[in-house]
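Chemist: Note that my numbering has the sequence shown beginning at 115, numbered continuously upward. The beta-carbon is built from N, C-alpha and C at its ideal position, and this holds for glycine as well. Note that the coordinates shown come from a computational prediction; the quantities given were computed from them, not determined experimentally. Just passing along the structure, written as structure tokens.
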Amino acid sequence: MANLVVGIIDPFHPKILEMIASGIPDDWSLSIAADQSAEEKARALGRADIAFVMAAPMPASLLREAPKLRFIQKLGAGVDRIDLDFCAAHDITVARLQAGNSIPVAEHTLLLMLAACRRLPYLDRQTRAGGWDKEAARGNSRQIHGRTVGIVGFGAIGKAVARLLSGFGAELLYYDPLRADLGVERELGVAYASLDEITARADILSLHLPLTRDTAKLFDAARIASLKPGAILINCARGGLVDEKALHEALVEGRVYAAGLDAFEAEPPVGNPLLTLDQTVVTPHVAGGTVDNFAPVLARAIGNARRFLHGQNLPEEDLVPLPPRTAA
115 MANLVVGIID PFHPKILEMI ASGIPDDWSL SIAADQSAEE KARALGRADI AFVMAAPMPA
175 SLLREAPKLR FIQKLGAGVD RIDLDFCAAH DITVARLQAG NSIPVAEHTL LLMLAACRRL
235 PYLDRQTRAG GWDKEAARGN SRQIHGRTVG IVGFGAIGKA VARLLSGFGA ELLYYDPLRA
295 DLGVERELGV AYASLDEITA RADILSLHLP LTRDTAKLFD AARIASLKPG AILINCARGG
355 LVDEKALHEA LVEGRVYAAG LDAFEAEPPV GNPLLTLDQT VVTPHVAGGT VDNFAPVLAR
415 AIGNARRFLH GQNLPEEDLV PLPPRTAA
């Protein structure tokens, strides 16, 4: 399709925008939001035939401003920020990149595990300020070796986390609504357990589930209270999986030792009390974002867009099933 316009509404780094501009076909053009105002996003999407979106929300109020839009390619896996009901009602196809960012997210998960075990941000601040209390650090630091790590959600990211942990000498448990093949369990050295068992046994619990109606607040106050005393919670998935008020209370009371959080229920988490605690390690929802990983992500996105434009089937794992169509 000549003169096709790709809408971009995420505030991408200039390097990423340059990669997109140089990577798309010569007869495609970009319509880029100059800022994050609703008006500018609507302007950018208003010209677009397709959209590439990373993390920017796409509610119905924005999609209504894009009458030409027929295809949305999520540059990742989670589509909870796209109004799928609107897409179904207006014949907008939605695709994801299943497992597209599994390696960087898994590496970031391991980073947060280690940083939370050692309370790295706190030690960094104290050392820069002239502190040198090595014994205080020794009395509070943890290690992964010899511990039980629970992986909740065992898709591509959960499996990648298990691979990275295979050399750490930890017992690895996992839970997923769909149990993996026994061969995969043996290969990765993991054992299947129920969610309740993992919650009770894990010294480190790592979340890798999508945010859906069924998983929202899965780790509510009751489940957080049932965590093994002194557990560490890692969330590189979606903030809506966790009751943040209950987690804050558990951290303050010492029932949860530490938390490594890359995702929050409200983003950015301005005023969130979790940010005030020395027991937390926090990052701005960047687990999947590395410049090294973007080239293959972009190539897959362009490939899916080409398939859509030529009436070809998208990879089954990338096609997002839409809700039953309702009246517009």
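What is the rounded straight-line gap between the Cα of Thr411 and the Cα of Gly417?
Modeler: Note on identity: in this sequence residue 411 is Val, with Thr being the wrong assignment. Going by the C-alpha atoms only, they are around 10 angstroms apart.
Chemist: Please report the distance separating the alpha-carbon of Asp124 from that of Pro382.
Modeler: Those two C-alpha atoms are separated by around 14 angstroms.
Chemist: Give the single residue among Ala345, Ile312, Arg242, Ala162 whose Cα lies nearest to the Cα of Lys182.
Modeler: Checking every option, the nearest Cα to that of Lys182 belongs to Ala162.
Chemist: With three or more C-beta pairs closer than 8 angstroms as the rule, is the segment 417-429 touching the segment 396-407?
Modeler: Segments in contact, no.
Chemist: Less than 8 angstroms separating the beta-carbons of Arg184 and Thr207?
Modeler: Yes; because the gap between Cβ atoms is below 8 angstroms, this pair is in contact.
Chemist: Between the Cα of Val405 and the Cα atoms of Lys273, Ile196, Tyr289, Lys129, which residue gives the shortest distance?
Modeler: Val405 has its Cα closest to that of Lys129, out of Lys273, Ile196, Tyr289, Lys129.
Chemist: Could you pull the start and end residues of the beta strand (DSSP E) that Ile196 belongs to?
Modeler: Neither: Ile196 is in no beta strand (DSSP E) and is coded neither H nor E.
Chemist: If we count the other Cβ atoms within 10 Å of its Cβ and call it buried at 16 or more, is Asp432 buried or exposed?
Modeler: Buried is the call here.
Chemist: Spell out the partners DSSP gives Asn349 in its beta bridges.
Modeler: In DSSP, Asn349 forms a bridge with Leu321, Leu375.
Chemist: With H, G and I counted as helix, E and B as strand and the rest as coil, what does DSSP make of Ile134?
Modeler: In this structure, Ile134 counts as helix in the three-state DSSP scheme.
Chemist: Would you kindly work out how many angstroms separate the C-alpha atoms of Ser175 and Val298, rounded to a whole number?
Modeler: Distance between the alpha carbons of Ser175 and Val298: 43 angstroms.
Chemist: Which residues in the same chain have their Cβ closer than 6 angstroms to the Cβ of Pro387, if we skip the five residues on either side of it in sequence?
Modeler: Closer than 6 angstroms at the Cβ level, and outside the excluded window around Pro387, lie His362.
Chemist: What are the uninterrupted segments assigned as alpha helix (DSSP H) that are 4 or more residues long and contained completely in the segment 290-318, given in chain order?
Modeler: List check, alpha helix (DSSP H) in window: 296-302, 309-315.
Chemist: Quick one, which of Phe378, Glu367, Arg414 has its alpha-carbon nearest Asp392's?
Modeler: Answer by Cα proximity: Glu367.
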